[in-house]
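One point on numbering: in numbering that gives the first Met the number 0, the residue at position 419 of the sequence shown is 418, and numbering is uninterrupted.
Every residue, glycine too, gets a C-beta built ideally from N, C-alpha and C.
Fair warning: this is a prediction, and the values are worked out from it, not measured in the lab.
Take a look at the structure below.
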Amino acid sequence: MGISKLWEVVDDAAEKRSLLNLATNEGFKNDNRGIRGLVIGVDISIRIKAITAALRTAGILNPPPKLILERIFYQLCNFLLAPIIFVFVFDGPGRPSVKRNTRVVFREGDAELIRILKTMILDFGFFYYEATEAELAQLNANDELDAIITEDSDSLVFGAHCVVPRLPHSLPQRHPIHTGRISRPRWLIALRLLLGGDYDDGLPGFGPKIARALAACGFGRELVNILNSFTGVTLAQRLGDWRNELQIELETNRSRQLDSRHPKLAQTMPTTFPNVFVEKLYLHPLTSKSPLFSASAPDVDSWQPKQPNISSLSSFCSEVFGWRGSKLLEKFNAVLWPGAAFKLISSPHVLYYPSQSAFAALYDWGTRAVPRPVTKVVVLKMAKLKHYHPAFPDSPPLNIYRVGVSASNFVLLAGLAAFPAMTPGLISIPEAILAVGMRDLSLQTTGLTLADSDSEEEAGTEDGEDDDILEIYDTDEEDLQKAHSSLKSATAGVVIDLTMD
């Protein structure tokens, strides 16, 4: 979606790093917004379309809402494994009725799917918002969202400066993600004009290479100035002059930006080019900041860290997916408990209590921070990994701990205590997050043993489990040394290493 082949054009300007890297380094470690995390918007409509298309490719031509919701459920479980507050943006008032010459149809049954999906999003402790097409990008441009996840390249033209164009399959695992750090350059307007987008087809024969060269000549900047400065007959005259200059550049290559001259492209350029109406849709899109906007503006102050509501998720999955009893416990143990534990450990309202060998809330902060009844994560073992995957150029490696936890409190919240207990797999947690959680560790006796992963058995890395090692930035030395000083003073039964290598 969006401008044809734009991702190819801007690929060189993108950083390659994992989403967890971004969240840990720029969100948690820097105490972004005072919430130790990032706020990231997700274009959920595109996600629904992508899941539906994948199911159809697999032979399910008319996938039922239940199947689509189940796929999204697994993605939301994965989203818990990072210090990120996700805001899912649904199509709202003012969305376009036609894209790429195709009428946008709201299918019967979509309303019910969206209603149920919104409930599930809230149960996970995330947020949703209904908005126009350009709103997601504008929220990022105004720094009300730290980043957005969308495959729609129009987001760059609408002003987004931090875009993740492809949703990672797994946040904690190695996964290259292009995070486009592109302020809104006006040459994108020239690219959109020539390559086409959701509202028109562009000009035939203009590929990314030619379009980028013409943009470098300043045609996009000049066009924006004309559209913003003139109206009526004067506007038409100025656009004609602009088009003539563009044709001369194609015929002569006088700026030497093109690889060669392109006289045929100049000769076939229609006199109706450019389409003023379409260009103004991009320059002045309808958003919550627009004078004519009549819907509710986003409540950005409410986008605060929340824990998943395990009790509500248990009821939801029983009702919607038909998971009950031991099957529900097995599902939650595999996909929900790891993220629920990560979310609690990384919460700014949670500290480590050695007397209980647990991370727990310092106070009852209510449902905005931790679930009621206030729960805790009991740590069974913790091992520091010594093996690192090579980092991406933009993301040096970080110390990682593999943490084993008891899910007994989660099981109680889910109403599944009557079934045989299960222990979730080891969770990969950045050292920065553990160091901050342990910063006020009181000197009390604990039976918890922490050790370096010299032994594969201790580290939980047998059978190749260390394939899950992350690539994230290190925490700062001050945090580590504070944590280390407290931990080092604990009883002799505790062996801990939180120093930097």
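Spatial neighbours of residue i in its chain, beta-carbon cut-off 8 Å, leaving aside the 5 residues before and after
| i | result |
| --- | --- |
| A140 | F157, G158, A159, H160 and R183 |
| K279 | L226 |
| G436 | I344, S345, V349, L350, Y351 and F358 |
| P64 | G108, E111, L112 and I115 |
Backbone secondary structure at residue i - three-state DSSP
| i | result |
| --- | --- |
| D151 | coil |
| G40 | strand |
| R99 | With a pLDDT of only 43 at R99, under 50, the local geometry of the prediction cannot be trusted, and the value read off the model is given with reservation. Reduced to three states, the DSSP call for R99 is coil. |
| L442 | In this predicted model, L442 has a pLDDT of only 27, less than 50, meaning its place in the structure is not dependable; the value taken from the coordinates is given anyway. L442 falls in the coil class under three-state DSSP. |
| F126 | strand |
| R55 | helix |
| K375 | strand |
| L18 | helix |
| I84 | strand |
| C316 | helix |
| P64 | helix |
| L257 | coil |
| G321 | coil |
| R35 | coil |
| K117 | helix |
| T233 | helix |
| D240 | helix |
| G436 | helix |
| C76 | helix |
| Q246 | helix |
| G217 | coil |
Residue(s) in a DSSP beta bridge with residue i
| i | result |
| --- | --- |
| L350 | A359 |
| A110 | Paired residues: none, contrary to the question. |
| D90 | A130 |
Straight-line gap, residue i to residue j (C-alpha atoms, nearest Å)
| i | j | result |
| --- | --- | --- |
| R99 | L312 | Bear in mind that the predicted position of R99 carries a pLDDT of just 43, short of 50, making it unreliable; the figure below should be weighed with that in mind. If you take the alpha carbons of R99 and L312, they lie about 39 Å apart. |
| I344 | R114 | 31 Å |
| I209 | I39 | 34 Å |
| F241 | L155 | It is worth fixing the name first, because residue 241 is Trp in this sequence and not Phe. Taking the straight line joining both Cα atoms gives about 24 Å. |
| G201 | V277 | 11 Å |
| G206 | I71 | 35 Å |
| L187 | P164 | 17 Å |
| N20 | V41 | 18 Å |
| F315 | M119 | 7 Å |
| A57 | T51 | 10 Å |
| L350 | R32 | 20 Å |
| E25 | S427 | 19 Å |
| A235 | P269 | 14 Å |
| L116 | L68 | 7 Å |
| L5 | I59 | 31 Å |
| R323 | L79 | 22 Å |
| G231 | F272 | 16 Å |
| S325 | A214 | 60 Å |
| Y281 | G36 | 31 Å |
| K330 | V377 | 20 Å |
| E132 | L138 | 11 Å |
| L257 | R220 | 18 Å |
Residues of its chain near residue i, where Cβ-Cβ distance is below 7 Å and the 5 sequence neighbours each way are ignored
| i | result |
| --- | --- |
| E250 | R260, P262 and A265 |
| V299 | E143 |
| I47 | I67 |
Same chain, Cβ closer than 6 Å to residue i, five either side skipped, listed in chain order
| i | result |
| --- | --- |
| N398 | E430 |
| P307 | F123, G124 and A339 |
| W336 | A406, F409 and P423 |
| A359 | Y352 and K375 |
| F229 | R237 |
| L54 | P62 |
| D90 | S44 |
Contact test: residue i Cβ vs the ligand FAD heavy atom, cutoff 7 Å
| i | result |
| --- | --- |
| P164 | The model on display carries no ligand, and the ligand FAD is accordingly not part of it. |
- Task: Taking only runs that begin and end inside the stretch 391–429, name each unbroken alpha helix (DSSP H) of 4 or more residues, in chain order.
- Result: 407–412
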